[in-house]
Every structure is written in C-alpha cells, then in structure tokens.
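Asker:
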Amino acid sequence: MTVHKIVLLADPVLRQKAAPVEQVDDEIRQLMEDMVETMYDAVGIGLAAPQIGISKRLIVMDCAKDDTSPEIWKMINPEIISRSEETTKMEEGCLSIPGYNGDVTRPAEVEVRYMDIDGTAQQMTATGLLAACVQHEIDHLDGVLFIDYLSRLKRDMMLRKIAKDPAFK
Ligand code: GNR
Ligand code: NI
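So, in structure tokens, the structure goes:
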C-alpha cells in the first residue's frame with residue numbers, strides 16, 4: 016500500500032487526456048488500492064489517476080458521510096452515458112488546488128458506464144454529491160478542472176491568488 020503524492024495545478028499531466036486501460040490486471044488493481052489510500056490520506060471524496068501523475072482512465076470515490084460506513088467506488092474507463100436536464104449548483108474543491116473552492120453547476124443526475132476491478136462492464140446512476148463527484152473525476156480524465164467552469168472574473172481572481180500562494184511553489 017502506497018500513499019502517492021498529489022500533483023498540483025501547474026502540472027501538465029492534469030491537462031492531458033488520459034489513456035483508456037486496455038487490461039484490468041493486478042497492477043491496475045494495486046494502483047486503484049493505492050488511489051483509495053491516497054484519497055483517504057488527503058481527506059478527499061474522490062481521486063483520478065492523473066492527480067497522482069498517472070495518465071490512465073481510473074477514478075476512485077467515497078462520498079459516504081463521515082458517520083456512515085465507507086462506500087468505495089473504483090471505476091475503470093468510466094463514461095457518462097446520460098445526463099439529466101435538471102442541474103444543481105454545488106461548492107467544489109480539488110485536491111490538486113488545495114484551499115480553493117467555487118460553485119459549479121452540473122447535471123443533477125448522471126448515468127455512468129464503467130468497468131469494475133474484475134473487468135466486468137457495470138452501470139450506475141449517481142445523484143447528489145456522488146453525481147458532482149463522478150463528473151468532477153471524469154473531467155480529470157479529460158484534462159478539465161472545476162476552475163474551468165467559473166466565470167473568467169472568478170477564475171482569474173483565483174489564479175492570481177494561487178500565483179502568490181507559497182503552497183503552490
Ligand atoms: O475532495 C473533493 N471534494 C469534492 C467536492 C465537491 C465536488 C467534487 C469533489 S472531488 C474532491 C477531490 C478531488 O479533487 N477529486 O478529483
Ligand atoms: Ni479534483
């Protein structure tokens with residue numbers, strides 16, 4: 016088990032389109048275990064492989080409330096196959112942009128197709144926080160960050176602060 020270092024905003028890997036996983040083997044399963052450990056260590060509710068510098072289409076999530084048992088999701092090559100017309104606005108943060116957050120409007124409900132760790136095709140429907148999280152994670156696989164959805168004014172203000180923030184040096 017390994018806690019990986021999480022890469023920050025300036026790392027170009029966060030802007031790359033991640034490659035699909037061709038074969039679900041022990042190496043992938045181990046990597047996803049490490050991603051879960053890294054996510055818990057960083058106290059996040061989701062993590063995408065590019066955030067640990069690995070440009071592969073893998074995400075993990077646990078959006079369960081603190082006082083309930085864990086609900087771990089591990090998804091390989093996840094794809095959104097339908098989105099609700101209804102949208103919701105949620106305050107989002109990102110482990111690669113620590114200390115900053117902003118309101119993002121996204122579809123309230125999405126259907127996701129993915130492969131599980133046995134290589135079996137699966138489908139799930141997400142609502143609420145899990146819906147925001149799975150969209151945020153799949154965005155990471157396409158090089159998209161939550162700041163991309165902010166108004167230019169809000170994004171530029173945030174980027175100016177980040178440029179002066181020693182945590183990003
Ligand atoms: O920990 C996280 N919180 C969060 C809150 C609202 C919507 C999405 C997220 S994901 C984020 C962890 C992260 O950066 N995942 O890529
Ligand atoms: Ni993120």
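Be aware that the sequence shown starts at 16, since it is given in the numbering used here, and climbs by one per residue. All C-beta atoms, glycine included, are put in the ideal place defined by N, C-alpha and C.
Specify, as a first and last residue, the run of the beta strand (DSSP E) that Asp118 falls within.
Answerer: First-last of the beta strand (DSSP E) with Asp118: 116 to 122.
Asker: List the residues that DSSP assigns as beta-bridge partners of Met139.
Answerer: Val127, per the DSSP bridge assignment.
Asker: Hey, is His151 close to the ligand NI, as in C-beta under 8 Å from one of its heavy atoms?
Answerer: Yes.
Asker: Let me know the secondary structure DSSP gives Ile87 once reduced to three states.
Answerer: DSSP places Ile87 in coil when its eight states are reduced to three.
Asker: Is Glu152 helix, strand or coil when you go by DSSP?
Answerer: Residue state, collapsed to three classes: helix.
Asker: So what does DSSP say about Ile60, is it helix, strand or coil?
Answerer: In the structure shown, Ile60 sits in coil (DSSP, three-state: anything other than H, G, I, E or B).
Asker: Can you pull the DSSP bridge partners for Thr102?
Answerer: According to DSSP, which records beta bridges pairwise, Thr102 is partnered with Pro122.
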